[in-house]
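Visitor: Counting from 4, one number per residue, gives the positions in the sequence shown under the working numbering. Idealized CB from N, CA, C, for every residue including glycine.
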Amino acid sequence: ILEIMSEEKANQKERIKIPTERLRKYFPKNYSTSQIEEAIIKMCESHYRKKQQQKER
Numbered sequence: 004i005l006e007i008m009s010e011e012k013a014n015q016k017e018r019i020k021i022p023t024e025r026l027r028k029y030f031p032k033n034y035s036t037s038q039i040e041e042a043i044i045k046m047c048e049s050h051y052r053k054k055q056q057q058k059e060r
C-alpha cells in the first residue's frame, strides 16, 4: 500500500501553462498548438546546448 501511495500520479506532476495568445505572435498563423509546443522544446534544447558549451570554455 505504501508503494502505491508514494507513486507520483499524473495529476501531481508540475506543469507550466502559458496562454496560447501570449505565444501566437511568435509563430506562423497556421501552426497548431502541438507544432508550437515542439518548436518551444527545440528552442529550449538549443538554448541548453549553447549554455553547456559556454560552460566548457
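Considering only the beta carbon of each residue, do Ala-13 and Phe-30 sit closer than 9 Å?
Guide: No, Cβ-Cβ distance for Ala-13 and Phe-30 is not below 9 Å.
Visitor: What residue does the alpha helix (DSSP H) around Tyr-51 start on, and which one ends it?
Guide: Where Tyr-51 is concerned, the enclosing alpha helix (DSSP H) stretches over 36-59.
Visitor: Could you tell me the distance, in whole angstroms, from the CA atom of Lys-53 to the CA atom of Ile-39?
Guide: Answer to the nearest angstrom: the Cα atoms are 21 Å apart.
Visitor: According to DSSP, is Ile-4 part of a helix, a strand, or is it coil?
Guide: Coil.
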